[in-house]
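K.L.:
5 is the number of the first residue of the sequence shown in the working numbering; add one for each residue after it.
Note that beta-carbon positions come from the ideal geometry of N, C-alpha and C, so glycine has one too.
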Amino acid sequence: MKTILVTGGAGYIGSHTLILLIEAGYNVVVFDNFSNSSIESVRRVEKIVDRAIEVVEGDIRSREDLDRVFKRYKIDAVIHFAGLKAVGESVSEPIKYYENNVYGTINLCKVMSENGCKSIVFSSSATVYGNPASNPIREDFPTGATNPYGRSKLFIEEILRDIFISDNSWRIVILRYFNPVGAYKSGVIGEDPADIPNNLMPFISQTAIGKREYLSVFGDDYDTHDGTGVRDYIHVMDLADGHVKALDKIDSFNRVMTINLGTGKGYSVLDMVKAFERASGVKIPYKIAPRRAGDIATCYADPSYAREILGWEAKRGIEEMCEDSWRWQSNNPNGYR
Ligand code: NAD
Ligand code: WQD
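#1: If I8 sits next to D80, beta carbons under 8 Å apart, how far is it from one beta carbon to the other, in whole angstroms?
#2: May I ask whether a heavy atom of the ligand NAD can be found less than 7 Å away from the beta carbon of G87?
#3: So if DSSP puts P184 in a beta bridge, which residue, or which two residues, is it bridged to?
#4: Strictly under 8 Å for the Cβ-Cβ distance: is Y188 near chain D by that measure?
#5: Pick from G194, I313, D63: whose alpha carbon is nearest that of R47?
#6: Please report the straight-line C-alpha distance between D224 and Y77, rounded to a whole angstrom.
#7: Please name the residue, chosen from D36, N37, G13, that lies closest to I26 on a Cα-to-Cα basis.
#8: Thinking C-beta only, is S173 closer than 8 Å to N105?
#9: With C-beta atoms as the reference, is A318 less than 8 Å away from P307?
#10: In whole angstroms, give me the CA-to-CA distance for R142 and D255.
#11: Starting from the C-beta of I313, find all residues in its chain whose C-beta is less than 7 Å away, skip the five residues before and the five after it, and write them out in chain order.
#12: Alpha helix (DSSP H) containing D36: first to last residue?
#13: Indicate whether Y304 and G266 have their beta-carbon atoms separated by less than 8 Å.
#14: I'd like to know if the stretch 111-123 and the stretch 38-52 are in contact, where contact means that at least 3 CB-CB pairs between them fall below 8 Å.
#15: Take every Cβ of the stretch 19-35, pair it with every Cβ of the stretch 210-225, and state whether three or more of those distances are shorter than 8 Å.
#16: Just checking A314 against the ligand WQD - is the residue's beta carbon closer than 7 Å to any of the ligand's heavy atoms?
#17: Using 7 Å as the cut-off, classify the Cβ of D36 as near or not near the heavy atoms of the ligand NAD, replying yes or no.
#18: Among the residues of its own chain, which have a CB less than 7 Å from the CB of R216, if the five just before and after it don't count?
#19: Would you kindly work out how many angstroms separate the C-alpha atoms of D242 and I17, rounded to a whole number?
#20: Could you check whether the Cβ of R65 sits closer than 7 Å to any heavy atom belonging to the ligand NAD?
#21: Say the cut is 7 Å; is the CB of P184 nearer than that to a heavy atom of the ligand ATP?
#22: Considering only residues of the same chain and omitting the five flanking positions on each side of P289, which have a CB-CB separation below 8 Å?
#23: In terms of residue numbering, what span does the beta strand (DSSP E) encompassing L126 cover?
#24: Residue ranges of each alpha helix (DSSP H) run of no fewer than 4 residues wholly in the stretch 5-73, ordered along the chain?
#25: Less than 8 Å separating the beta-carbons of G92 and N202?
#26: What number of angstroms, rounded off, separates the C-alpha of S42 from the C-alpha of I99?
#27: Would S129 and G154 qualify as a contact pair, given that the criterion is a beta-carbon distance under 8 Å?
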């Protein structure tokens with residue numbers, strides 16, 4: 005049985021991925037500094053899978069913390085979710101983002117290599133495509149981020165490619181996620197933003213429970229079917245499944261694999277509002293607001309490479325994404341608190 009170190013395993017995507025990893029027969033060790041999560045998510049996953057999960061509190065920027073975990077467990081591969089992800093904050097605090105995401109990943113790779121662990125699945129983002137010339141977006145499209153968060157992902161991608169060039173016994177999978185939403189079916193775990201949500205889906209669901217008065221729709225004059233921004237929303241459990249499939253195949257990859265995880269379908273902000281209203285039976289008040297700086301009109305994936313290489317495709321549609329987000333939000337109005 006392989007043991008997988010899951011950095012950022014208490015976070016939104018990490019906690020959902022734990023379930024499928026355990027169900028697929030992997031042993032997991034969670035490594036998290038809880039800067040944007042709480043141990044409660046892992047405790048709830050333990051109940052779902054009916055098993056205790058090893059958790060190490062630590063920081064990827066700390067050599068000692070990482071050494072401790074690699075000495076204690078025989079880690080076969082790492083899924084590296086740990087990172088900061090707030091785009092706006094990255095603009096005002098770029099050093100924090102480069103230190104946490106880029107330096108933290110360098111540190112992680114160093115300790116992995118010293119301990120003979122050279123398999124990593126890395127959380128990248130569709131943000132690395134910047135403003136794409138066309139859609140759907142293929143992996144070979146030009147990259148170019150528009151903010152420090154996105155650049156931190158691009159830098160890490162390049163660093164991982166250089167590591168492979170220097171030592172091709174590494175096994176590296178870079179997964180570029182589109183817009184993760186939704187929650188585990190039972191509604192006991194989900195996305196729990198610490199502050200006012202930056203992302204659309206948690207803002208909609210917090211508006212639905214009355215925590216927010218109304219949704220600001222950022223721009224209705226984009227060149228899209230209704231003027232609002234179009235994105236590729238992907239259910240977090242489909243995303244989680246992509247990680248398990250990547251791990252299952254990782255030993256067979258003899259080059260750095262860069263793979264989109266998206267559905268291939270684009271929905272507008274107003275499409276999502278309507279779908280959420282249908283799923284929840286709650287009316288979502290909204291107001292049209294100015295465009296948000298840095299936003300693009302349209303972004304959706306060409307997911308065919310993931311199908312070809314991983315045998316993976318997203319199965320869940322926006323109705324299910326909204327139903328599951330709503331179940332989590334309405335059962336846990338204050339998240340894990
Ligand atoms: P999240 O904030 O819920 O999870 C990240 C986890 O990493 C948190 O539990 C946090 O406490 C932990 N962490 C952060 N810095 C750390 C450090 N220095 N040491 C140890 N742990 C640390 O975010 P998420 O939505 O689950 O995202 C997971 C990964 O996927 C991130 O790398 C993110 O950039 C990437 N990603 C997310 C999205 C998205 O929209 N959610 C989209 C594309 C890519
Ligand atoms: C989606 C759409 C907004 C909030 C971001 C990151 C990206 C990735 C995913 C990590 C856009 C509109 C939103 C609101 C709105 N994260 N919107 N009102 O911007 O596509 O991507 O999260 O890697 O890197 O940039 O996602 O959910 O913020 O926005 O109208 O209150 O919803 O303008 O069209 P985005 P989002």
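P.N.:
Here's the rundown:
#1: 7 Å
#2: yes
#3: I238
#4: The chain inventory of the structure shown lacks chain D, comprising one protein chain alone.
#5: G194
#6: 52 Å
#7: For I26, the nearest C-alpha among the options comes from G13.
#8: no
#9: yes
#10: 24 Å
#11: The beta carbon of I313 sits closer than 7 Å to the beta carbons of M261, I263 from its chain, once the five residues preceding and following it are set aside; these are given in chain order.
#12: Careful: D36 lies outside any alpha helix (DSSP H), inside the beta strand (DSSP E) at 31-36.
#13: yes
#14: no
#15: no
#16: In the sequence on display, residue 314 carries Leu and not Ala. Incorrect: L314 has no Cβ contact closer than 7 Å to the ligand WQD.
#17: yes
#18: F207, Q210
#19: 10 Å
#20: yes
#21: In terms of ligand content, the structure shown lacks the ligand ATP and carries the ligand NAD and the ligand WQD instead.
#22: T211, E217, Y218, L219
#23: Correcting the residue identity first, residue 126 is Phe in this sequence and not Leu. Its beta strand (DSSP E) spans residues 123-129.
#24: 16-27, 43-53
#25: yes
#26: 24 Å
#27: yes
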